[in-house]
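Chemist:
Number of protein chains: 4
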Amino acid sequence: MVKKTSVGIIGAGKIGKLHINNLVTMNEVNIRAISDVYIDQMSDWVNTLDVKYTTKNYMEIVNDPDIDAILVCTPTKLHSEIVIAAAEKKKHIFCEKPISFNLEDSLKVLDAVKKAGVIMQVGFVRRFDRNFRQVHEIVKSGKIGTPHIIHIFSRDPEPAPRKYVRHSGGMPFDMTIHDFDMIRYLTQFEVEEVYAQGSVLIDPFFEECNDVDTAVFTLRFTNGAIGVVDNSRRAEYGYDQRVEVFGSKGSVSIKNDTNHTVEVITKDGTLSDKPKWFYLERYNDAFKEELRSFLNCVTTGTEPTVSAYDGLQAELLAHAATISLQEKRPVKIQEVLKQTDLRLRDH
Amino acid sequence: MVKKTSVGIIGAGKIGKLHINNLVTMNEVNIRAISDVYIDQMSDWVNTLDVKYTTKNYMEIVNDPDIDAILVCTPTKLHSEIVIAAAEKKKHIFCEKPISFNLEDSLKVLDAVKKAGVIMQVGFVRRFDRNFRQVHEIVKSGKIGTPHIIHIFSRDPEPAPRKYVRHSGGMPFDMTIHDFDMIRYLTQFEVEEVYAQGSVLIDPFFEECNDVDTAVFTLRFTNGAIGVVDNSRRAEYGYDQRVEVFGSKGSVSIKNDTNHTVEVITKDGTLSDKPKWFYLERYNDAFKEELRSFLNCVTTGTEPTVSAYDGLQAELLAHAATISLQEKRPVKIQEVLKQTDLRLRDH
Amino acid sequence: MVKKTSVGIIGAGKIGKLHINNLVTMNEVNIRAISDVYIDQMSDWVNTLDVKYTTKNYMEIVNDPDIDAILVCTPTKLHSEIVIAAAEKKKHIFCEKPISFNLEDSLKVLDAVKKAGVIMQVGFVRRFDRNFRQVHEIVKSGKIGTPHIIHIFSRDPEPAPRKYVRHSGGMPFDMTIHDFDMIRYLTQFEVEEVYAQGSVLIDPFFEECNDVDTAVFTLRFTNGAIGVVDNSRRAEYGYDQRVEVFGSKGSVSIKNDTNHTVEVITKDGTLSDKPKWFYLERYNDAFKEELRSFLNCVTTGTEPTVSAYDGLQAELLAHAATISLQEKRPVKIQEVLKQTDLRLRDH
Amino acid sequence: MVKKTSVGIIGAGKIGKLHINNLVTMNEVNIRAISDVYIDQMSDWVNTLDVKYTTKNYMEIVNDPDIDAILVCTPTKLHSEIVIAAAEKKKHIFCEKPISFNLEDSLKVLDAVKKAGVIMQVGFVRRFDRNFRQVHEIVKSGKIGTPHIIHIFSRDPEPAPRKYVRHSGGMPFDMTIHDFDMIRYLTQFEVEEVYAQGSVLIDPFFEECNDVDTAVFTLRFTNGAIGVVDNSRRAEYGYDQRVEVFGSKGSVSIKNDTNHTVEVITKDGTLSDKPKWFYLERYNDAFKEELRSFLNCVTTGTEPTVSAYDGLQAELLAHAATISLQEKRPVKIQEVLKQTDLRLRDH
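Chains as they are written, first to last, in UniProt numbering: chain A, 1 to 347; chain B, 1 to 347; chain C, 1 to 347; chain D, 1 to 347.
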């Protein structure tokens, strides 16, 4: 019988719980420990799990010699110190996005992971969605030729809670960063320049936070191809997650997933389903696939589908987009990189 | 300059007017004469046309040496005598469906046309619809292999006027005959047996007429393939005209035409257009194409896409279907043919 | 903590294994025992399960006082004796379809279950598919008015293994019975007459078995509505499972599920996915939902979504269809019922 | 009988011929004269028309007292002098887009038309496409709430001939101007700023012309809503013409028109038609509708659907886009307007 991977989870908020509930259904893994500052308030749920121990001190997990891999699901500001500590203890790491709000910190993470020789995967779950993956395969196959223009539509059904929004880092870091990663995943191109056009059209609260709720990001790739990301914090009909890649020989696109395929035709027209409600419904399978893929990399020692380097690249774009929103001008990636550039080339 | 075909139209009711209005837009034709018993009441419309003469006596058109081709658009009961007279005068003939309500009469028409060596086309307009034609081409190409099961959905948006229904010959002759022809056109198979299952679910008036308003016809082809025709006299959402051919290697089907491709997504779902309303909207282009094809056969002396023989075959199926509805049992085509069979083999 | 339902499974072939693997993921159930004549050859798989005991003698399970419910997944010919024995021991029963090949035997099962007052659910899994369920809800809501015509398309991607086909009871019992149940579920109508038109077009082996591989079944409901079932044992493109209900106010239909929503447009046309391959892919979730629903009925003492009575009604239609195939004529349900009719009225 | 509108056409190149061939089929119009510098080479075609006279000197048409309305279909550089001369002679004017390459000239045209009190319509044909019109109606109805983001996809199947490209004014004037007009038509919003991101990815010839072949234009409306135009000079699969308007309550979008609705399902997937080939196929009906609408305005003295003012607004955006492409920065409309602004306010 194959040895099970022993896992510790740091941070049992919304996303941490989601991962834990998925790990429970997987035979190849053993959940050894969970750490959270509010772990005492979760005893009902923890009792249904078969966990060795829980703790408020994440270092207990980092220092546990019987743990192979750690999932880092805390608020972003804690990511880098936890990941660096875990890497030093030779733990493999799955870290939610973004690695940090700060390029220097993220680079330190990359350095630590490289030095330790451990596997690190960043939580860009959409790469594991069967639709996006299929688009990736088709682009790679050459069926549509060289990509010329790529569009990503990514609209939430409703804004995140205000408490979250205040510390989310702004739209480029809490929403668009997923799309920036997707655009790199699908085209395999690197971005040269970002121009952001944003507005507050849904809720004035975002103005208070110096944030936007509606935005379009135009990207220029180094080869002249062009990318567009369309983001809204509220699509009343559900979670709108689509992409189109237009190339020299054709185009590939996806439609939204729906709950059923029923079509009703009456004198009022033809009525079919709307998109699934939100990421729990749409990316339900992708979240499982993401962990399975990570566990497989840990077991086989292979490169993860989303590396720490990918995480940092998406952060670069989020930084550029943030500057563009503030200064209302196109921003070159080179400008954001500045001194960190030289060190990034090592990765 | 190419000589224009000189045409006379006999019968200027709904369908006659439709054809005349289409002929007006075609450069290759000259409308010489129109005959109708009610022609005096149509002077406003006739005056907008550039017609040599009108008449109440169709024999004037039949005997006119300057007419090349005649469109027969009268009530069905007059078709055979007109067509036979026209054939004797060497006129090419376009005749609305069915040729007659009576196999013997239809056979006399075929005999007369053959003897005269003129072209005769029967008005199965759907063969000229771009969608059905494409299905025909795909089946013929072998892309879906050998047809195993074919479904035709053919539902009117509303029943024809009661005055018409009383003398329409019943559903098999006023609706299904189009589908019987289509099924032969698409499969290139011949039918061996018909079973009809019919009901009155929409309007009790059809019961008074000894007719049905809802029916399913199951056909067995000589090679064992199976056909299904679904007919309803009222689909509240419009003219439902679809087909699916399922074969050994795949299936081919069509969707209904709509007025526009707009899709509205709200919290109530995804709303798109319903089918076009009726045959004038759906087969608008096909009616023009039908005449263009006929005129081209007249000019070039080629075989029409819908021959008199095709007309008679569809009538055979309509007769079998009528018997099946009355006697509630499967009916063999052979049983309907009886003595006419030998003569039909000449065609 | 809620008491778990203790379950025994009789028959661990293809479908038994499928159910067991689904039960494993459910917290509300405890798999106590598995019986199968070949259980000795399954030790690898059994060892991964947490099962109290296995046995070759199903009576051990029937007599086990610590078992609440039994899943009967043996070949059909053993169903009735097992179900009757289990009912006498007050076990709740989930039985695969059909209950038996014989109306008398099935009636005995219904009698035994009624007398014992236990819950019995029959394995018509498609009622638990989200698409079909949605159609059921829409028809029930009255949105499309009264159903006039219902079509079911149900085509397998490839024939079942020959070994299975020889004892499957023929197409009406191994395929169409699912569609017969679906048609009753969706319309809530009862059938009066069945006409079957069948052929061997795919594999002559079916002729040897006195069976067909391609068939269309036309049903007449007691209220005059009409049903059509289209069955093929091989659709090269996958598992084709669709339905359309056409009613007085509109129509409702479903499309096939696909693996992804990707659309590729090139000069060759627009290419999208084909249907999922087979029932494991298409009804994966429905199989789980089916068991969850059964377990819920056991726990709460409510009526199952598919009762033994529903099972028997579908069998009646399968018997009528078999006679129709053999005698090539429409067959009344009344004719099949004969003496069993009176006893059936008790259920 | 209603008096026919007497029309003269100036310029009988590709688009002029298209309009003439459409006018021929309309009863409400009389084509009196055609002028073109190459008219002598068109005698074969002219002879099939029923035209009073042809001329190389367009002033003959301008001065003809028996002409009510003039269609201006010459190269763009001649538009303004012809339109101004025609307005002075009180002719109603249909002018192809753009009015001119120069804001001052276009303003002179608006002044002349206003002073003369004649009707002037600009040739933005897409406003007459049934799909776009339906989107316009739905946005206006409030069904999708207030527009937040609008996307226009507008890709040609192949580049225009090189001869044309050299004097087309560049992509913003020969392609995007249609989309700029559409975006104003659909949202009823005015634009504040344009940012253009363009590349040469298809044919280096465009670089020689100081032009681009692939571009994305991001627009900011005065109310904070955002617009995106996606343009390519070559979509190998055909004429890609789509739009999505996303609003506070939902979204509305259109799909491309296709030649047929056929769907073929085989083991290779589901294949359906690609978009129609080019504007002649896609906007065939819209071109007719455009002229019908113009003639109706002439007869009834009502405002045209596309006014000279609309023409000038689209030109403003094309100028801004051109500057943005050259200077690689967002450009405010206010900056382009400068001194012409005051005079524009009169219109």
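Idealized CB from N, CA, C, for every residue including glycine.
Tell me the rounded alpha-carbon separation between residue 1 of chain C and residue 9 of chain A.
Modeler: The residue labelled residue 1 of chain C in the question sits at position 1 within the third sequence. The residue labelled residue 9 of chain A in the question sits at position 9 within the first sequence. Because residue 1 of chain C carries a pLDDT of 46, less than 50, the predicted location of this residue cannot be relied on, and the following value inherits that uncertainty. Their Cα atoms are separated by approximately 26 angstroms.
Chemist: What residue from A:219, A:272 and A:242 has the CA that sits closest to residue 328 of chain D's CA?
Modeler: In the fourth sequence, counting from the first residue as 1, residue 328 of chain D sits at position 328. Closest by alpha carbon: A:219.
Chemist: Roughly how many angstroms lie between the CA atoms of residue 125 of chain B and residue 232 of chain B, to the nearest whole one?
Modeler: The residue you call residue 125 of chain B lines up with position 125 of the second sequence. The residue you call residue 232 of chain B lines up with position 232 of the second sequence. One C-alpha to the other measures close to 19 angstroms.
Chemist: I want to verify the contact list: residues of chain D whose CB lies under 9 angstroms from the CB of residue 267 of chain C, in sequence order.
Modeler: The residue given as residue 267 of chain C occupies position 267 in the third sequence. By Cβ distance, chain D contributes 236, 237, 238 and 274.
Chemist: Which residue comes first and which comes last in the beta strand (DSSP E) that contains residue 10 of chain B?
Modeler: By 1-based counting over the second sequence, the position of residue 10 of chain B is 10. Taken as a continuous stretch (DSSP letters only), the beta strand (DSSP E) holding residue 10 of chain B covers 5-10.
Chemist: Just verifying my parser: in three-state terms, what is the DSSP assignment at residue 73 of chain C?
Modeler: For the purposes of this step, residue 73 of chain C is identified with residue 73 of the third sequence, where counting begins at 1. Of the three classes helix, strand and coil, the one that applies to residue 73 of chain C here is coil, per DSSP.
Chemist: Are any of the Cβ atoms in chain C nearer than 8 angstroms to that of residue 220 of chain B?
Modeler: Here residue 220 of chain B is taken as the residue at index 220 of the second sequence, counted from 1. Yes, residue 220 of chain B counts as interfacial toward chain C.
Chemist: Go ahead and pull the three-state DSSP assignment for residue 16 of chain A.
Modeler: Translated into the one-based positions of the first sequence, residue 16 of chain A becomes position 16. Residue state, collapsed to three classes: helix.
Chemist: Ordered along the chain, which non-local residues of its own chain (more than five positions away) have a Cβ less than 6 angstroms from that of residue 94 of chain D?
Modeler: Taking the first residue of the fourth sequence as position 1, residue 94 of chain D is located at position 94. Taken in chain order, the residues that qualify are 71, 121 and 294.
Chemist: Closer than 7 angstroms by beta-carbon distance: list the chain C residues that pair up with residue 249 of chain A, in chain order.
Modeler: Position 249 of the first sequence, counting from 1, holds the residue named residue 249 of chain A. By Cβ distance, chain C contributes 266.
Chemist: Within a Cβ cutoff of 6 angstroms, which residues of the same chain sit near residue 12 of chain B, ignoring the five residues on either side of it in sequence?
Modeler: For the purposes of this step, residue 12 of chain B is taken as the residue at position 12 of the second sequence. Result list for residue 12 of chain B: 34 and 36, in chain order.
Chemist: Please classify residue 60 of chain A: does DSSP put it in a helix, a strand, or coil?
Modeler: The sequence position of residue 60 of chain A within the first sequence is 60, counting from 1. Residue 60 of chain A falls in the helix class under three-state DSSP.
Chemist: By DSSP, does residue 275 of chain B sit in helix, in strand, or in coil?
Modeler: As a working mapping, residue 275 of chain B is identified with position 275 in the second sequence. Of the three classes helix, strand and coil, the one that applies to residue 275 of chain B here is strand, per DSSP.
Chemist: What's the call for residue 398 of chain B, buried or exposed, on a 16-neighbour Cβ count within 10 Å?
Modeler: Nothing in the structure corresponds to residue 398 of chain B, since chain B is present only between 1 and 347.
Chemist: Would you say residue 1 of chain B lies against chain A (beta-carbon separation less than 8 angstroms)?
Modeler: The sequence position of residue 1 of chain B within the second sequence is 1, counting from 1. Bear in mind that the predicted position of residue 1 of chain B carries a pLDDT of just 46, short of 50, making it unreliable; the figure below should be weighed with that in mind. No, residue 1 of chain B does not count as interfacial toward chain A.
Chemist: Compare the C-alpha of residue 14 of chain C against each of C:280, C:296 and C:297 and name the closest.
Modeler: By 1-based counting over the third sequence, the position of residue 14 of chain C is 14. Minimum Cα distance to residue 14 of chain C is reached at C:280.
Chemist: Please name the residue or residues paired with residue 214 of chain B in a DSSP beta bridge.
Modeler: In the second sequence, counting from the first residue as 1, residue 214 of chain B sits at position 214. The partner list for residue 214 of chain B (beta bridge, DSSP) reads B:199 and B:232.
Chemist: For residue 381 of chain C, I'd like the list of residues in its chain whose CB is within less than 7 angstroms of its CB, leaving aside the five on either flank, ordered along the chain.
Modeler: Any answer about residue 381 of chain C is impossible in this case: the structure gives chain C only from 1 up to 347.
Chemist: Note down, in chain order, each residue of its chain lying with its Cβ closer than 8 angstroms to the Cβ of residue 51 of chain B, except the 5 sequence neighbours on either side.
Modeler: Position 51 of the second sequence, counting from 1, holds the residue named residue 51 of chain B. So the qualifying residues of the chain are 31, 32, 33 and 34.
Chemist: So which residues on chain B does residue 20 of chain D lean against when the C-beta distance must stay under 9 angstroms?
Modeler: The residue you call residue 20 of chain D lines up with position 20 of the fourth sequence. Chain B residues near residue 20 of chain D: none, gap ~15 angstroms exceeds 9 angstroms.
Chemist: Do the CB positions of residue 225 of chain C and residue 148 of chain C come within less than 8 angstroms of each other?
Modeler: Locating residue 225 of chain C in the third sequence gives position 225, where the first residue counts as 1. Locating residue 148 of chain C in the third sequence gives position 148, where the first residue counts as 1. It is a contact, given that the beta carbons lie within the stated cut-off.
Chemist: Closer than 8 angstroms by beta-carbon distance: list the chain C residues that pair up with residue 230 of chain B, in chain order.
Modeler: Locating residue 230 of chain B in the second sequence gives position 230, counting from the first residue. Those are 149, 151, 228 and 246, listed as they occur along chain C.
Chemist: Interface residues of chain B around residue 271 of chain A at Cβ under 9 angstroms?
Modeler: Numbered from 1 along the first sequence, position 271 holds the residue referred to as residue 271 of chain A. Neighbours of residue 271 of chain A on chain B, chain order: 268, 269, 270, 271 and 272.
Chemist: Please tell me whether residue 259 of chain B has its Cβ less than 8 angstroms away from any Cβ of chain D.
Modeler: Residue numbering aside, residue 259 of chain B sits at position 259 when the second sequence is read from its first letter. Yes, residue 259 of chain B counts as interfacial toward chain D.
Chemist: Quick check: residue 159 of chain C and residue 99 of chain C, are their CB atoms within less than 8 angstroms of each other?
Modeler: For the purposes of this step, residue 159 of chain C is taken as the residue at position 159 of the third sequence. For the purposes of this step, residue 99 of chain C is taken as the residue at position 99 of the third sequence. Cβ distance not < 8 angstroms, so residue 159 of chain C and residue 99 of chain C don't count as in contact.
Chemist: Would you tell me roughly how many angstroms separate the C-alpha atoms of residue 361 of chain C and residue 69 of chain C, rounded to the nearest one?
Modeler: Residue 361 of chain C is absent from the model: chain C starts at 1 and stops at 347.
Chemist: Sort out for me which residues DSSP pairs residue 121 of chain D with in a bridge.
Modeler: In the fourth sequence, residue 121 of chain D corresponds to position 121, counting from 1. Answer by DSSP bridge pairing, in chain order: D:94 and D:307.
Chemist: Are the CB atoms of residue 212 of chain B and residue 151 of chain B within a distance shorter than 8 angstroms?
Modeler: Stepping through the second sequence from its first residue, residue 151 of chain B is reached at position 151. Stepping through the second sequence from its first residue, residue 212 of chain B is reached at position 212. No, the pair does not count as a contact, with Cβ atoms beyond the cut-off.
Chemist: Checking 8 angstroms against the spacing of the C-beta atoms, do residue 283 of chain B and residue 250 of chain C come in under that value?
Modeler: Within the second sequence, the letter at position 283 stands for residue 283 of chain B. Within the third sequence, the letter at position 250 stands for residue 250 of chain C. Taking 8 angstroms as the Cβ cut-off, residue 283 of chain B and residue 250 of chain C do not qualify as a contacting pair.
Chemist: Which residues bound the beta strand (DSSP E) around residue 30 of chain B?
Modeler: Position 30 of the second sequence, counted from the first residue, corresponds to residue 30 of chain B. Start and end: 29-35.
Chemist: Are there three or more Cβ pairs, one per stretch, closer than 8 angstroms when the stretch 48-63 of chain C is compared with the stretch 311-323 of chain C?
Modeler: No, because fewer than three Cβ pairs between the stretch 48-63 of chain C and the stretch 311-323 of chain C fall closer than 8 angstroms, the two stretches do not touch.
Chemist: What is the DSSP secondary structure of residue 240 of chain D, reduced to helix, strand or coil?
Modeler: Looking up residue 240 of chain D in the fourth sequence gives position 240. Strand at residue 240 of chain D.
Chemist: Just the C-alpha distance for residue 145 of chain C and residue 269 of chain A, rounded to the nearest angstrom, thanks.
Modeler: Translated into the one-based positions of the third sequence, residue 145 of chain C becomes position 145. Translated into the one-based positions of the first sequence, residue 269 of chain A becomes position 269. Cα-Cα distance, rounded: 15 angstroms.
Chemist: Identify which residue in C:263, C:184 and C:133 has its Cα closest to the Cα of residue 315 of chain C.
Modeler: Mapped onto the third sequence, residue 315 of chain C falls at position 315. Comparing Cα-Cα distances from residue 315 of chain C to each of C:263, C:184 and C:133, the minimum goes to C:184.
Chemist: Our contact map puts residue 154 of chain C next to residue 175 of chain C with C-beta atoms below 8 angstroms; I'd like the distance itself, whole angstroms only.
Modeler: In the third sequence, counting from the first residue as 1, residue 154 of chain C sits at position 154. In the third sequence, counting from the first residue as 1, residue 175 of chain C sits at position 175. Yes, they are in contact, since the Cβ atoms of residue 154 of chain C and residue 175 of chain C sit about 7 angstroms apart, within 8 angstroms.
Chemist: By how many angstroms is the C-alpha of residue 299 of chain A removed from the C-alpha of residue 290 of chain A?
Modeler: On the first sequence, position 290 is the one that residue 290 of chain A refers to. On the first sequence, position 299 is the one that residue 299 of chain A refers to. Those two C-alpha atoms are separated by around 14 angstroms.
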